[in-house]
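In the UniProt record's numbering, the protein residues as written are 1 to 307. The structure under discussion appears below in the form of structure tokens.
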Amino acid sequence: MSDPRITSSIFTRGAVDLSTLRGPAPASTRPGTPPQGGPSNGAPGAPTAGGDTAIVDVTEATIQSDVLERSMATPVVVFFGAAGFPESDEFAPVLERLNAEGGGTWVLARVDVQENPRIAQMFRVQGIPMVYAVVGGQPVDAFSGVVPEAQLRQWLQAVLKAGGVTVAEPEDPRLDEADDALMSGDLDAAEQAYRKILADAPADAAATAGLAQVGVARRVAGADPSAALAAAESAPDDVAAQLLAADIEVLSGLAEQAYARLVGLVRRTAGEDRETVRQHLVSLFSIAGPDDPAVASARRALASALF
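Structural data, given as structure tokens:
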């Protein structure tokens with residue numbers, strides 16, 4: 001099967017007609033069809049046996065119950081793959097692991113396209129691996145190819161939301177590693193870890209905050225806090241002295257004082273100096289996050305100072 005790489009969502013409402021798959025195919029058309037939960041004859045991932053499992057191997061005989069009917073109560077993620085295709089073999093275990101983490105909040109339905117070409121045709125599978133989300137008996141989104149795990153987690157959260165499932169946002173273990181590096185003082189390792197997370201998920205607020213903390217830690221390294229604050233007090237228009245003082249205040253739990261210091265400096269500066277101060281202040285905002293009341297107040301004050 002050809003494997004055109006489609007990186008964006010390819011789902012268009014109404015493009016997939018599942019009506020012809022609502023009844024089981026005659027037994028004579030399904031030679032060698034494995035029983036539900038049994039070996040998948042080349043489908044990626046280890047077979048899952050048992051009753052009401054969160055991972056099922058789907059055939060034409062079982063798509064009615066395992067995908068269409070099951071999706072009426074629980075979101076179903078349909079994975080199209082085949083053993084021996086490197087990207088398929090690589091991606092299947094990731095989905096299986098995330099399904100285990102989900103604790104039954106969604107079902108992973110695996111389809112071997114070599115054994116079930118008719119299902120692949122009905123879903124208009126153009127390349128493998130390919131993933132569809134089915135909610136309420138209808139496909140709601142799809143993508144083709146391998147995506148980073150962080151992006152996949154976000155996609156799954158959106159699918160669960162579409163299915164009316166409320167779940168806590170899973171913790172990214174990479175974030176714990178980055179935080180540990182930061183706390184131990186290994187700033188290079190922490191920066192590298194945070195940047196890796198942001199490469200996969202540019203909007204990750206926790207990684208953005210962590211990277212900003214790395215910057216603060218680097219800037220205050222070797223500084224005498226008392227002397228730095230005294231220097232800033234004696235030179236209120238010295239940009240470097242004020243920025244260092246603000247960093248120290250943030251690390252000391254005096255973020256509101258730091259914000260006020262830099263907003264005042266924005267009012268007193270112009271040109272490149274003003275832009276330097278503004279960018280520095282915004283980076284400090286990211287440590288606390290946009291929902292912090294002190295940040296919201298300081299943002300309003302900054303806007304007033306700028307305009």
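Here a beta-carbon is modelled for each residue, glycine too, at the ideal position from N, C-alpha and C. Source: prediction; values computed, not measured.
Classification of M130 by the beta-carbon crowding that lies within 10 angstroms, buried from 16 upward: buried
Excluding the 5 residues flanking D66 on each side, which residues of the same chain have their C-beta closer than 6 Å to its C-beta? V56, V58 and A109
V263 beta carbon less than 8 Å from that of L302: yes
Minimum C-alpha distance to A241 - residue among D172, A227 and L254: A227
Starting from D57, follow its DSSP beta bridges and name the residues at the other end. R110
Same chain only: Cβ atoms within 7 Å of R268, ignoring 5 sequence neighbours per side: D237
Spatial neighbours of T208 within its chain, please: C-beta separation below 6 Å, excluding the five flanking residues on both sides. S286
Which residues DSSP lists as bridging P139, in chain order: According to the DSSP secondary-structure assignment, P139 is paired through a beta bridge with V134.
Cβ neighbour criterion (16 or more within 10 Å) applied to residue 308: A query on residue 308 cannot be resolved here, the shown segment of the chain reaching from 1 to 307 and no further.
Any chance the region 106–120 sits against the region 73–83, with 3 or more Cβ pairs inside 8 Å? Touching, per the Cβ criterion.
Within the continuous alpha helix (DSSP H) that includes G264, where are the two ends? A255 to R268
Assuming G81 is part of the alpha helix (DSSP H), what are its boundary residues? It is not in any alpha helix (DSSP H) - G81 instead sits in the beta strand (DSSP E) that spans V76 to G81.
For the region 246–261 against the region 270–288, are there 3 or more C-beta pairs whose distance is under 8 Å? yes
Identity of the residue in P93, V216, E275 and P225 nearest A288 by Cα: V216
Who are S297's beta bridge partners in DSSP? BP columns for S297 are empty, so no partner.
Spatial distance of R22 from K196 (CA atoms): Confidence at R22 is low in this model, with a pLDDT of 46, below 50, so the placement of that residue is unreliable and no value is reported for it.
Have a look at the DSSP bridge pairing and note the partners of S144. M130
Exposed or buried, F91, counting other C-beta atoms within 10 Å across all chains shown (16 or more means buried)? buried
Is the distance from the Cβ of residue 309 to the Cβ of Y194 below 8 Å? This structure leaves residue 309 out entirely; the chain is present only between 1 and 307.
Between the alpha carbons of A150 and A235, how many angstroms are there, rounded? 46 Å
Alpha carbon to alpha carbon, what distance is there between H280 and R219? 11 Å
Three-way DSSP call (helix, strand, coil) for T276 in this model: Of the three classes helix, strand and coil, the one that applies to T276 here is helix, per DSSP.
Just verifying my parser: in three-state terms, what is the DSSP assignment at residue 373? Past the edges of the chain, shown from 1 to 307, lies residue 373, and the structure says nothing about it.
Opening and closing residue of the alpha helix (DSSP H) in which E64 lies: Glu is not the amino acid found at residue 64; the sequence shown has Gln there. Note, Q64: premise wrong, no alpha helix (DSSP H); not H, not E.
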